[in-house]
Amino acid sequence: MNIIRKASTTILRPQFNYQKVILFPGDGIGPEISKAVIDIFDSAKVPIEWEFHEIHKKRVTEQGDLITEETLKQVKALKYALKGPFETPIGKGYRSINVTLRKRLQLFANVRPCKSIKGVKTPYPGVDVVTIRENTEGEYSGLEHEVVPGVVENLKIVSYNACQNIAQYAFEYARANNRKQVVACHKAGVMKQGDGLFLKVCDDVAKNYPEIEFSEEQIDTMAFKLANDPTKIDVMVMPNLYGDIVSDLCAGLIGGLGLTASGNIGKDCEVYEAVHGTAPDIAGKNLANPTALLLSGIMMLKAMRLNDYANRIENATYQVLEEGKFLTGDLGGKSTTTDYTKAIIDKL
Amino acid sequence: NYLQRPGEGALKNVTLIPGVGIGPEITNSVRTVFEALHVPIKFDVLDNFNFENDDSKKQLRKNECILLGVMTEKNQKYTDNYKFYKYLDLYANITFAFSFEGITQRHHNTDIVVIRENTEGEYSGVEHEVYPGVVESIKVTTKQASLRIAEYAFEFAHLSGRKKVTAVHKANIMKLVDGLFLQACREVAQRYSFIKYEEMIIDNCCMQLVKNPTQFDVMVMPNLYGSIVQNVVAGITGGVGMAAGASIGKDHALFSQGCRHTGRDIAGKNVVNPSAMLVSSTLLLRHLGLPNFADQICRAVQHTIQDKNIKTKDIGGNATTDQFTSEVIKSLGR
Ligand SMILES: Nc1ncnc2c1ncn2[C@@H]1O[C@H](COP(=O)(O)OP(=O)(O)OP(=O)(O)O)[C@@H](O)[C@H]1O
Ligand SMILES: Nc1ncnc2c1ncn2[C@@H]1O[C@H](COP(=O)(O)OP(=O)(O)OP(=O)(O)O)[C@@H](O)[C@H]1O
Ligand SMILES: [Mg+2]
Ligand SMILES: [Mg+2]
């Protein structure tokens, strides 16, 4: 945390047009990659000011959350937060941090853009897809029971309201980000009522966005297309479980979780995060790749309509990755976190 | 060599359902190749098969083996293959996906077999509206069905000399239903100590499949994950036109493409790739104790694609279905 505190003092500028944003630096490599983001944003003169908050190792609320009421309130007040990776403590009596954030802040959508990075070799060049996943219900409602010994049931819940929220968000996202197509993924042939409802709502919402081409695809067919030729796919919207699977599959297409941004969207606030782990094996050694958190931060800037800053940092990052002279170990390079960060800053 | 029991060369009856979409084209290809080889099989063709019709259903039980194109009930948008699985209790669905040199594909040196529970899970079809605007779909998992699919997967791995079985699940979220499935897999795994057993969460599994698929061998999983993973493994190898498959139960066996799609977009245009169906038909031939015909067809398909460079559009060529089929016939007997 020390480096963070120090770094943060250097960027506190008492200017009234600076917007405050929350930062949860995280565990393991979290502080190092957070510092990289702070430094890069600082060099790009992004008009935001970080407010640091902690996530605890023990429950701090009645409900067993690892995050205080004050912090939750503050996230809502400031609207935007960036979050590094967190260790999940093992044991009972508390809720995972992601569940807390999602439930308490009603973050109903998870958004994961995946774009091929020149310089990172994969069998899938030219990918540029976005997965928009319903984040609150579906198979993840936690409703399960044993009917008789040896027979268990899991209830998948699909509600009109949640479908409406996610469909609307998907089209708004497409419009705001200048995307041309939205495809709804489902298995309405099997789950005629549940996925059928999801599909019907998407279909209805699509009518309000005539400039965006709308289509539907069965989830298995979509999985085939993504694994075979993902280059024709644009924005995808889908229920919880499918989104969980597809967003990871897409991350795999571009080289893994170390390169993918993620945003959790609610009506009141948005939490952007690196979805990779805390990497305890390399923590504190200046070896971590900060790209996922950086791209998440860039996504946040776009949501804040600070597009000029976002694009400038994004271009610099892609250039450094493409040139391949300052890559971190996970990408086959030999550079340190600070070298890579400096290379991006030099390109700004 | 295969030494037949006396009389094994007699004609065997196999039910053939061409179905809809690309079904008639791919099953036709199989029929032409079988004729050219004088395979001792007589097809009982059910052209207008219909589950509403009791006569149809009776005929379905008549023969042990069925060759199926694609099934969709009238006015239905999506495939209806599930009805066969339920009716005949074809609980194990198997899809083969392996790299085939000479065609466009994303990954090389891959050889994966996906074994999918075919009768329950999300496909149990129990759904209702609990409140206006709120729908519940029930995923049902039973110990019995989980055990028998796990059993099938390990038995398959054993009998085909495979080294590893990976169980795919989401038990961190669906603690009870996928937990039960995993428990069954672990139970069976213990009895096969000479086969490596691993578990992987479905989302990570799909990421691994597109990044590093050579780590996988035999995979076993519940119904819906199976549907997704079959398609991913087809996608990373030669596509759905190359992946063969079958659905097997105690009394019947149904052979169709490994990924079950109607293919309305390409149906009737003479561009469909019949390879997956041809290879599936060789699974049928082996199942009936006719391995020599199976070998010949496999070699002919391979020769056509690799040596003659004759390929359909989906795998990077421009041959029609008919051209491809006649080249396969010309390559027989090698
Ligand atoms: N229990 C059920 N009740 C009603 N319809 C069902 C049920 N289970 C499945 N379906 C039907 O499932 C069909 C889709 O499943 P299908 O039989 O096509 O499986 P599949 O295509 O072989 O498998 P997949 O597409 O998952 O690989 C739909 O046409 C739908 O009508
Ligand atoms: N034998 C084949 N050769 C070439 N392409 C194939 C073959 N079989 C399927 N495909 C292709 O696979 C893709 C997926 O099929 P399709 O669109 O029919 O799936 P779907 O409509 O989601 O599934 P369903 O079968 O349930 O209707 C299509 O582009 C189709 O053309
Ligand atoms: Mg289709
Ligand atoms: Mg299907």
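Protein sequences, first through last, are from chains G and P.
The letter at position 213 of the first sequence is residue 223 when you use our numbering, and the numbering goes up by one with no holes.
The letter at position 143 of the second sequence is residue 144 when you use our numbering, and the numbering goes up by one with no holes.
Yeah, the Cβ is synthetic: ideal placement off N, Cα and C, and Gly gets one too.
Discussion item. Looking at the strands, I want to know which residues DSSP matches up with P/LYS63.
Written reply: The residue labelled residue 63 of chain P in the question sits at position 62 within the second sequence. DSSP lists no partner for P/LYS63.
Worksheet entry | Bridge-paired residues (DSSP) for G/CYS195 | In the first sequence, the residue the question calls residue 195 of chain G occupies position 185. Looking at the DSSP assignment, G/CYS195 forms a beta bridge with G/GLU227.
Worksheet item: Hey, does G/PHE234 have any beta-carbon neighbour from chain P nearer than 8 Å?
Response: Sequence index remark: in the first sequence, residue 234 of chain G carries index 224 (1-based). Yes, contact with chain P.
Discussion item. Using CA atoms only, rank isn't needed, just tell me which of G/ARG105, G/MET246, G/VAL161 and G/ASP340 is closest to G/ARG69.
Written reply: On the first sequence, position 59 is the one that residue 69 of chain G refers to. Minimum Cα distance to G/ARG69 is reached at G/ARG105.
Worksheet item: Among residues of its own chain, excluding the 5 on either side of P/ILE139, which ones have a beta-carbon nearer than 8 Å to its beta-carbon?
Response: Position 138 of the second sequence holds residue 139 of chain P. Taken in chain order, the residues that qualify are SER125, VAL127 and GLU128.
Item to complete: Give me the Cα-Cα distance between G/PHE336 and P/GLU200, rounded to the nearest whole angstrom.
Response: If you number the first sequence from 1, residue 336 of chain G lands on position 326. If you number the second sequence from 1, residue 200 of chain P lands on position 199. Between G/PHE336 and P/GLU200, the C-alpha separation is close to 36 Å.
Discussion item. Which of the three DSSP states is assigned to G/LEU259 in this structure?
Written reply: On the first sequence, position 249 is the one that residue 259 of chain G refers to. Residue state, collapsed to three classes: helix.
Fill in: Separation of G/TYR183 from P/LYS144, as counted between CA atoms
The residue labelled residue 144 of chain P in the question sits at position 143 within the second sequence. The residue labelled residue 183 of chain G in the question sits at position 173 within the first sequence. P/LYS144 and G/TYR183: Cα-Cα distance of roughly 43 Å.
Worksheet entry | Whole-number beta carbon distance between G/ILE142 and G/HIS196, since they are thought to touch under 8 Å | Within the first sequence, residue 196 of chain G is the residue found at index 186, counting from 1. Within the first sequence, residue 142 of chain G is the residue found at index 132, counting from 1. So it is not a contact: roughly 13 Å between Cβ atoms.
Worksheet entry | Nearest candidate by alpha-carbon position, reference G/GLN84, set G/THR301, G/VAL281, G/GLY307 and G/ALA353 | Translated into the one-based positions of the first sequence, residue 84 of chain G becomes position 74. The residue with the shortest Cα to Cα distance from G/GLN84 is G/VAL281.
Discussion item. So with CB distances below 8 Å, who are the chain G contacts of P/HIS108?
Written reply: The residue labelled residue 108 of chain P in the question sits at position 107 within the second sequence. By Cβ distance, chain G contributes PRO133.
Worksheet item: In chain order, what residues of the same chain have a beta carbon less than 7 Å from the beta carbon of G/LEU117, not counting five sequence neighbours either side?
Response: Here residue 117 of chain G is taken as the residue at index 107 of the first sequence, counted from 1. Closer than 7 Å at the Cβ level, and outside the excluded window around G/LEU117, lie LEU111, ASN145, ASN274, ILE275, GLY276 and VAL281.
Worksheet item: Helix, strand or coil for G/GLN25 per DSSP?
Response: Translated into positions along the first sequence, residue 25 of chain G becomes position 15. Model confidence at G/GLN25 stands at a pLDDT of 49, short of 50, so the residue's coordinates are unreliable; what they give is reported in the following sentence. Coil at G/GLN25, not helix or strand.
Worksheet item: If you draw a straight line from the alpha carbon of G/CYS124 to that of G/GLY307, how long is it in whole angstroms?
Response: The residue given as residue 124 of chain G occupies position 114 in the first sequence. The residue given as residue 307 of chain G occupies position 297 in the first sequence. So the two alpha carbons sit approximately 15 Å from each other.
Practice prompt. Say whether chain P places a C-beta atom closer than 8 Å to the C-beta of G/GLN203.
Written response: As a position in the first sequence, residue 203 of chain G is number 193, starting the count at 1. True, the Cβ-Cβ gap to chain P drops below 8 Å.
Fill in: Three-state secondary structure (DSSP) of G/THR19
If you number the first sequence from 1, residue 19 of chain G lands on position 9. Legend: pLDDT at G/THR19 = 46, less than 50; position of this residue unreliable, value from coordinates given subsequently. Three-state DSSP puts G/THR19 in a helix.
Item to complete: Taking only beta-carbon positions, decide if G/GLY160 is within less than 8 Å of chain P.
Response: Numbered from its first residue, the first sequence carries residue 160 of chain G at position 150. Closer than 8 Å: yes.
Worksheet item: Mapping DSSP to helix, strand and coil, what is G/GLU64?
Response: On the first sequence, position 54 is the one that residue 64 of chain G refers to. G/GLU64 falls in the coil class under three-state DSSP.
Fill in: Euclidean distance between Cα positions of P/PRO41 and G/SER225
The residue labelled residue 41 of chain P in the question sits at position 40 within the second sequence. The residue labelled residue 225 of chain G in the question sits at position 215 within the first sequence. Straight-line Cα distance between these residues: approximately 46 Å.
Discussion item. Just checking G/GLY199 against ligand 2 - is the residue's beta carbon closer than 7 Å to any of the ligand's heavy atoms?
Written reply: Numbered from 1 along the first sequence, position 189 holds the residue referred to as residue 199 of chain G. Result yes, Cβ under 7 Å from ligand 2.
Worksheet item: Is P/SER332 helix, strand or coil by DSSP?
Response: For the purposes of this step, residue 332 of chain P is taken as the residue at position 331 of the second sequence. Here P/SER332 sits in coil by DSSP.
Worksheet item: Taking 7 Å as the line, does the beta carbon of P/GLY264 fall inside it for any heavy atom of ligand 2?
Response: Against the second sequence, residue 264 of chain P aligns to sequence position 263. Yes, ligand 2 has a heavy atom inside 7 Å of this Cβ.
Worksheet item: Quick one: does G/TYR150 have its CB under 8 Å from some CB of chain P?
Response: Translated into the one-based positions of the first sequence, residue 150 of chain G becomes position 140. With 8 Å as the cut-off, G/TYR150 counts as an interface residue toward chain P.
Worksheet item: Under a Cβ-count criterion, where at least 16 other Cβ atoms within 10 Å of its own Cβ denotes burial, should G/HIS286 be classed as buried or exposed?
Response: By one-based count along the first sequence, residue 286 of chain G stands at place 276. Under this definition G/HIS286 is a buried residue.
Practice prompt. Flag this pair as touching only if the stretch 240-247 of chain P and the stretch 196-212 of chain P have three or more C-beta atom pairs under 8 Å; answer yes or no.
Written response: no
Fill in: Whole beta strand (DSSP E) elements within the stretch 129-172 of chain G, 3-residue minimum
138-144, 154-158 and 161-169
Discussion item. When you measure from the CB of P/GLU123 to every non-hydrogen atom of ligand 2, does any distance come out below 7 Å?
Written reply: Here residue 123 of chain P is taken as the residue at index 122 of the second sequence, counted from 1. Every heavy atom of ligand 2 is 7 Å or more from the Cβ of P/GLU123, so no.
Practice prompt. Taking only beta-carbon positions, decide if G/ALA177 is within less than 8 Å of chain P.
Written response: Residue 177 of chain G sits at position 167 when you count from the first residue of the first sequence. Answer no: the Cβ-Cβ gap between G/ALA177 and chain P never drops below 8 Å.
Discussion item. Looking at chain P, is there any beta carbon in it that lies within less than 8 Å of the beta carbon of G/ILE58?
Written reply: In the first sequence, counting from the first residue as 1, residue 58 of chain G sits at position 48. No, its Cβ sits nowhere closer than 8 Å to a Cβ of chain P.
Worksheet item: Hey, does G/SER418 have any beta-carbon neighbour from chain P nearer than 8 Å?
Response: This structure does not reach residue 418 of chain G, given that chain G is present from 11 up to 358, and the question cannot be answered.
Worksheet item: Which partner residues does G/CYS124 have in the DSSP bridge list?
Response: Counted from its first residue, the first sequence places residue 124 of chain G at position 114. DSSP, once it has assigned bridges, lists G/VAL139 as partnering G/CYS124.
Item to complete: Assuming P/ILE116 and P/TYR153 form a contact by the criterion Cβ under 8 Å, report the distance between their Cβ atoms to the nearest whole angstrom.
Response: The count along the second sequence starts at 1 and reaches residue 116 of chain P at position 115. The count along the second sequence starts at 1 and reaches residue 153 of chain P at position 152. Correct: roughly 6 Å between the Cβ atoms.
Discussion item. So that I know if they touch, is there some Cβ in chain P lying closer than 8 Å to that of G/LEU263?
Written reply: Taking the first sequence and counting its residues from 1, one reaches residue 263 of chain G at position 253. Interface residue, yes.
Item to complete: Please compile the residues from chain G whose C-beta is within a distance smaller than 7 Å of the C-beta of P/SER248.
Response: Against the second sequence, residue 248 of chain P aligns to sequence position 247. Those do not exist, as P/SER248 stays about 15 Å from chain G at its closest Cβ, beyond 7 Å.
Worksheet entry | Within chain G, partners of P/GLN209 - CB distance below 8 Å | As a working mapping, residue 209 of chain P is identified with position 208 in the second sequence. Near P/GLN209 (Cβ distances below 8 Å), the residues of chain G are GLY262.
Worksheet item: Between the stretch 162-191 of chain P and chain G, which residues of the former have a C-beta closer than 9 Å to a C-beta of the latter?
Response: LYS171, ILE174, MET175, LYS176, LEU177, VAL178, ASP179, GLY180 and LEU181
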